[in-house]
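*Asks:*
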Amino acid sequence: MKGFRIRRILIERGAESDSLTKRVLDELPNAPREHVEPYELAPCENIEEMDKESLRIIHFKGEFLKPCPGTKRYICCGYKILNVGSNCPLDCSYCYLQSYVNQPSLRIFSNLQENLDVIGDIIDSSPDRIFRIGTGEFTDSLSLDFLTGWTDFLLPFFSRRKNCVLELKTKTSSIKSLIASRYRKAIVVAWSLNTPRIIANEEHKTATLKRRILAAQECQKAGFFLGFHFDPLLYYPGWEAGYEQTVQLLERYIAPESVIWISLGSFRYMPSLKRAIKRRFPGTNIFDGEFVAGLDGKFRYFKPIRVEMYGKLSERLDKWHHDLGLYLCMESDDVWRQSLGWSPENSENLCSYLDSRVRKLMGD
Amino acid sequence: MSFSFDLEPLKASIDRFGVLNPPYLLRNSDSHFTVVVGYRRLLAVRELGWSDTVCQILPDDFPPFEALLLNLQDNLVHRRLNSVEKGMVLKRLTRFLEKEEVLANFVPILGIPSNRQTLEQFLGLEELEEAIRISVAMERLSPRVAALMGSLGRDDRLRMNDLFTSLKWSFNQQWEAAQWIVEIASREGRSAKDVIDEGEIVGVLDNERVNNPQKVKSIVKILRARRFPSLVEAEKLFKKGLSGLSLPSGVNIIPAPSFEGIDYKLEIVFTKGGELKEKVAELSHLSGLEKVTEFWKGTEHR
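Sequence order for the protein chains is A and B. Using our numbering, read the first sequence as starting at 7 and increasing by one per residue. Using our numbering, read the second sequence as starting at -7 and increasing by one per residue.
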């Protein structure tokens, strides 16, 4: 990862003796350490600047497995979030965590491994259900893996279960520990993709598009299923050619048969996020488009613009392969129909569709 | 801590009754004095041509922070600070205190919403050009818009200040228009000044046949059409489609805001039940009504 450095470790009271804490301290023996109280900001922790150079280790007392914060007004996929921490060393201008989490520093939960049994009980108690679980909603799934060793214990834990899939979503090319692992079953490695221009201008400190796709290729060759997320799609002059470049790279390096799903989602934001972005990235152009208030209070591109983007991109992806598990993230029934030509109609059916992808590709 | 004030009433009072409360001064290391309290009183005395007046000298070791609090206290007791003066107070307080403390203990007593964003807006006011500060102090320009202007170049700021103070804009209208100007400029790769100075807006400003509120309304409309070309086009198409339907009088069809939802509303204005019945019957036979939800969809977005 480009320009990533941890300058200090903040250890919250209660986290000192957790296994993950010990591991992180071993990995960063020279980083200055401070012991801090839970919920108490350290002097270095500037909320507005996110303070991505401090790593706060937290003995988390909340729920580790949570439903993705969707909305009733749009069709959602019924994803579950495995809450391993929040914030990440990458610095995408559009990142919703800037206003959603509103907490500084990189935050990791030291007692995750100790709480996996609780998650296991939840999964095992509903054997007929498919649990699609991901760690990449509140942080990047792999950017801190070299410190936390998340994949070391998450891969064996999820691989041995029949009714779940763990998605590791990233914008990095940090796949070393994945490749070294002997577990493949029930694991999806997924990349957020965008156009080379958006990656260069807005996705700071992330891997280039080519590096991401080459990492995906390596994972695919090593036997992992892949997912891709074109989210957020951004509309700008030349957007179509930009996304075409991205799809061409996919075509060149990725075998489509083991792609479990590809999501499309347009840029959306709450007003508070716009303020945060304008403050942290005053030069960004991501608000240039025509945004209107959505049914959930978030601003989205005016509907015909979304339909055009989804329609053209899905058509292009269809040309690559007809069975990629394309779906839209947080969109309405009419937008689904107009852009993809079909609609799951509701969140329940979208869940079933994606569950069927899991069954189809990974077997029962 | 004074900015943009009318000294005449104070001069008249001092001329008649004298300086009732003496100013407080602090002696500097160079033997000059800093006015802690009573700056306007001293100005008035000078303008009245008096050669002296009684002042209180604070002890040499009087802490600067205490001096600031004394000044604030005196001002708050005697008058209402304008927004620029509030910004000046807050800025000086942040030299001594963390922003969080200023936010918790001082922002509320100045009558400002106690949140970080508003605090930042007020802190930036002092940096702006005098013309803009005067507009804010006189409540002709929204402090929030002034803060937004802080991110622009000097020419853009001053042009925007002219636009918002030459006509009668509400603060909400200013905020909406200011954001659109900045976003249009960003999208078109132009300056905010160029956006304002393009023909259509100048044409409205120069039109002597319309009054100021009408001018504001027209400018808002022009800016909205440039900021949201596809949406405005869709609204036009919908309106055109409706007008072609020959709806009964007092009947209207209202789409979801920005066409984001899929529900439409039918509005029927009537005074008697019989009238309602007639209008409903007329509607049920109206051809083209079934296509009403399609009217806006031919939008070619730009």
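Yeah, the Cβ is synthetic: ideal placement off N, Cα and C, and Gly gets one too.
1. Where do the N-terminal and C-terminal ends of the beta strand (DSSP E) with residue 198 of chain A fall, by residue?
2. So residue 238 of chain A is in the beta strand (DSSP E); what residue range does that whole segment cover?
3. Whole angstroms is fine: what's the gap from residue 261 of chain A's alpha carbon to residue 335 of chain A's?
4. Do the CB positions of residue 404 of chain A and residue 195 of chain A come within less than 7 Å of each other?
5. Drop a sphere of 10 angstroms on the beta-carbon of residue 235 of chain A, count the other beta-carbons inside from all chains shown, and report buried for 16 or more, exposed for fewer.
6. Between which two residues does the alpha helix (DSSP H) containing residue 114 of chain B stretch?
7. Tell me the residue span of the beta strand (DSSP E) that contains residue 325 of chain A.
8. Helix, strand or coil for residue 159 of chain A? Go by DSSP, reduced to three states.
9. Counting along the chain, where does the alpha helix (DSSP H) carrying residue 107 of chain A start and finish?
10. Of all the residues that make up the stretch 169 to 199 of chain B, which are near chain A by a beta-carbon distance shorter than 7 Å?
11. Name, going along the chain, the residues of the stretch 242 to 256 of chain B whose beta-carbon falls closer than 7 Å to a beta-carbon of chain A.
12. How big is the Cα-Cα spacing for residue 320 of chain A and residue 200 of chain B?
13. To the nearest angstrom, how far is the alpha carbon of residue 157 of chain A from that of residue 184 of chain A?
14. Which ranges does the alpha helix (DSSP H) cover as unbroken runs of at least 4 residues, wholly within the stretch 226 to 277 of chain B, from first to last along the chain?
15. If the criterion is Cβ atoms closer than 7 Å, does the pair residue 122 of chain A and residue 66 of chain A meet it?
16. Which residue spans inside the stretch 98 to 174 of chain B form an unbroken alpha helix (DSSP H) run of at least 4?
17. How long is the line joining the alpha carbons of residue 183 of chain B and residue 205 of chain A, rounded to whole angstroms?
18. Give me the Cα-Cα distance between residue 44 of chain B and residue 34 of chain B, rounded to the nearest whole angstrom.
19. Output needed in chain order: residues of the stretch 216 to 238 of chain B with a Cβ under 9 Å from some Cβ in chain A.
20. State yes or no: is the beta carbon of residue 308 of chain A nearer than 7 Å to at least one beta carbon in chain B?
21. Hey, would you say residue 125 of chain A sits closer than 7 Å to residue 70 of chain A, going by beta carbons?
22. In the DSSP output, which residue or residues are listed as bridge partners for residue 115 of chain A?
23. So who's on the other strand from residue 48 of chain B, going by DSSP bridges?
24. Which whole-angstrom value describes the C-beta separation of residue 120 of chain B and residue 138 of chain B, a residue pair presumed to lie in contact below a C-beta threshold of 8 Å?
25. Counting only C-beta atoms, is residue 294 of chain A closer than 7 Å to chain B at any point?
26. What first and last residue would you give for the alpha helix (DSSP H) that runs through residue 364 of chain A?
27. Could you tell me which residues DSSP puts in a beta bridge with residue 274 of chain A?
28. Taking only the alpha-carbon atoms, compute the straight-line gap between residue 28 of chain A and residue 96 of chain A and give it to the nearest angstrom.
29. Below 7 Å between beta carbons: does that hold for residue 89 of chain A and residue 136 of chain A?
30. Any Cβ of chain B within less than 7 Å of the Cβ of residue 32 of chain A?
31. Mind checking residue 21 of chain A: buried by the 16 CB within 10 Å criterion, or exposed?
32. Using a Cβ-Cβ cutoff of less than 6 Å, which residues in the same chain neighbour residue 182 of chain A once the five nearest sequence positions on both sides are dropped?
33. Determine, using beta carbons only, whether residue 300 of chain A comes closer than 7 Å to chain B.
34. From the DSSP output, in three-state form, read off residue 96 of chain A for me.
35. Does the distance from the C-beta atom of residue 147 of chain A to that of residue 94 of chain A stay below 7 Å?
36. Taking the alpha carbon of residue 239 of chain B as the point to measure from, which residue in B:258, B:17, B:247 and B:151 has its own alpha carbon closest?
*Replies:* Let me spell this out:
1. 193 to 198
2. 231 to 239
3. 23 Å
4. The first residue shown for chain A is 7 and the last is 370, placing residue 404 of chain A beyond what the model contains.
5. buried
6. 108 to 116
7. Segment 309 to 326 is the alpha helix (DSSP H) holding residue 325 of chain A; no beta strand (DSSP E) there.
8. helix
9. Here residue 107 of chain A belongs to no alpha helix (DSSP H), and DSSP marks it neither H nor E.
10. 175, 178 and 179
11. 249, 250, 251, 252, 253 and 254
12. 53 Å
13. 7 Å
14. 265 to 276
15. no
16. 108 to 116, 122 to 129, 135 to 141 and 146 to 158
17. 26 Å
18. 9 Å
19. 219, 220, 221, 222, 223 and 226
20. yes
21. yes
22. A:64
23. B:16
24. 6 Å
25. yes
26. 353 to 368
27. A:306
28. 24 Å
29. no
30. no
31. buried
32. none
33. yes
34. coil
35. no
36. B:258
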